[in-house]
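Report on one structure; see the data block that follows.
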Amino acid sequence: MATPKPASPGDISTFNILHGFPEALVRGMRSSFLQDSDYHHLTQCETLDDIRLNLTESDYAEALADSSTMTPASLQKAAIDKLVTEFKYLRTQTVEPLAKFMDFITYEYMIENVMLLLKGALSGRDINELIEQCHPLGMFKESTMRSIPTFENSAKGYADLYQTVLVDTPVGPYFAMFLQESAMHRGADARNVLEEVEIEIIKSSLIKFWLEDFHQFVMDLGGDSATIMGELLKVRADTNAINITLNSFGTPLNEPDMRTSDRKRLYPAVGHLYPAGTSMLMDVQDEEELGRVLELFPSYSAIWNMHSSGSGDKSIDDGFYERDVQMLELAFESQMHFAVFYAYVKLKEQEIRNLVWISECILQQQKDEINKFVPVFSQHCPWRMAKKH
Numbered sequence: 018m019a020t021p022k023p024a025s026p027g028d029i030s031t032f033n034i035l036h037g038f039p040e041a042l043v044r045g046m047r048s049s050f051l052q053d054s055d056y057h058h059l060t061q062c063e064t065l066d067d068i069r070l071n072l073t074e075s076d077y078a079e080a081l082a083d084s085s086t087m088t089p090a091s092l093q094k095a096a097i098d099k100l101v102t103e104f105k106y107l108r109t110q111t112v113e114p115l116a117k118f119m120d121f122i123t124y125e126y127m128i129e130n131v132m133l134l135l136k137g138a139l140s141g142r143d144i145n146e147l148i149e150q151c152h153p154l155g156m157f158k159e160s161t162m163r164s165i166p167t168f169e170n171s172a173k174g175y176a177d178l179y180q181t182v183l184v185d186t187p188v189g190p191y192f193a194m195f196l197q198e199s200a201m202h203r204g205a206d207a208r209n210v211l212e213e214v215e216i217e218i219i220k221s222s223l224i225k226f227w228l229e230d231f232h233q234f235v236m237d238l239g240g241d242s243a244t245i246m247g248e249l250l251k252v253r254a255d256t257n258a259i260n261i262t263l264n265s266f267g268t269p270l271n272e273p274d275m276r277t278s279d280r281k282r283l284y285p286a287v288g289h290l291y292p293a294g295t296s297m298l299m300d301v302q303d304e305e306e307l308g309r310v311l312e313l314f315p316s317y318s319a320i321w322n323m324h325s326s327g328s329g330d331k332s333i334d335d336g337f338y339e340r341d342v343q344m345l346e347l348a349f350e351s352q353m354h355f356a357v358f359y360a361y362v363k364l365k366e367q368e369i370r371n372l373v374w375i376s377e378c379i380l381q382q383q384k385d386e387i388n389k390f391v392p393v394f395s396q397h398c399p400w401r402m403a404k405k406h
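Each residue of the sequence shown is one higher than the one before, counting from 18 in this note's numbering.
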């Protein structure tokens, strides 16, 4: 996709002229993450009110002050709203090209929101309920949000949807690329494509286009931003390729003709698996074959072996989360680059997952499972413990 080449973020002598203040802010926000002692106290709680009491001593105190009852869902909403407020404040302090970089972060949530609304419309769910479930970082103006689920289930309806929603949103170009690619592949008019393709396949295609576009943008930035953020996006692309393959087993996407056509087109054209690994994934038809391909890539074979061992202690998603947290934390260990803004958002999302997991375990009285989360900036994480020894 032809995104204009961004200006350089600068180097050690010029970066701070334009971007020093927002970088200082996000590095100061690092102190807001829950510490090991906070997690220890949270895991000792007996009720959700105990959790709220413990969080009054943390950075979440103000966010939870107005909630009358504590549930995992209300805790998650309050924490996400807090993150969104912080992100939007950071965004207001930025200038190009950092402003565009932060916009790229929001495009992922816009794609998820549009897909949620489309899926809800097909199943006949209430529009207000759907909008309530949308991620605040990916919101459009309300008139646009409400227009998405109102299209008719017909060729004209899909054409109207494309004209009123897909074109006028920041992620419109990705939809256009998807519709064009699908029309060429299927030999049908673009307006009929949505009728034939499952929503999750559409979402995977859009995320693929977003990843490729974002990766090209950071490569054009150059310097440490390209090195560090480029690596984060490559690993994210690899994770998507592995998950797409794994989730396709037992579905039509795993049929021989679909593997070499539809599934192949969902693999991002960036990452450590691309192109050799993704071409091998195209022929994979079961978990055993997937494992043999990933054995050729040491960084992924360890995660896969943990999944395939069947011990039940950790899923493949847990392995990816641990790996992501380690890489995102490392983004904070160097300075004068943009990756730290992406890292802050993703590490906060991991912290929110931890809070929801702990609160769900307490609510369901599953205290034996409560420590199965990935703490952020923990002094007891495996990679820091290994370094000490």
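Note that the Cβ used here is the ideal one computed from N, Cα and C, for glycine as well.
None of the values given here were measured: they were computed from a predicted structure.
Rounded to whole angstroms, the gap between the alpha carbons of L183 and I261 is 24 Å. In terms of Cβ geometry, A90 and M246 do not form a close pair [threshold 7 Å]. By the C-beta density criterion, Y284 is buried, having at least 16 other C-beta atoms within 10 angstroms. Within the region 306-331, not a single complete beta strand (DSSP E) segment reaches 3 residues in length.
The count of Cβ pairs closer than 8 Å, one atom from the region 223-238 and one from the region 109-125, reaches three, so the stretches are in contact. Short of 8 Å from the beta carbon of D28, and not among the five residues preceding or following it, lie these beta carbons of its own chain, in chain order: G240 and M353. The straight-line gap separating the alpha-carbon atoms of S332 and T31 is approximately 44 Å. Y338: member of the alpha helix (DSSP H) spanning I333 to A348, first to last residue.
Relative to P292, the option among L134, A258 and Q233 whose CA is nearest is A258. As summarised for the region 91-147, the continuous alpha helix (DSSP H) elements at least 4 residues long and confined to that stretch are 115-139, given in chain order. With 16 or more other Cβ atoms inside 10 Å of its own Cβ, R253 counts as buried.
S265 sits in a helix when the DSSP states are folded into three classes. Around the beta carbon of I34, fewer than 16 other beta carbons sit within 10 angstroms, so the residue counts as exposed.
About 11 Å separates the Cβ atoms of L139 and L147, ruling out a contact at the 8 Å cut-off.
The beta carbon of P392 sits closer than 6 Å to the beta carbons of Y56 from its chain, once the five residues preceding and following it are set aside; these are given in chain order. Each of T64, D83, V43 and S48 was checked against the Cα of Q110, and the nearest Cα belongs to V43. Shortest Cα-Cα distance from L51 to any of F390, R401 and M402 involves F390.
V373 sits close to Q93, with the two beta carbons spaced by under 7 Å. The C-beta of N264 has fewer than 16 other C-beta atoms within 10 Å across all chains shown, which makes the residue exposed.
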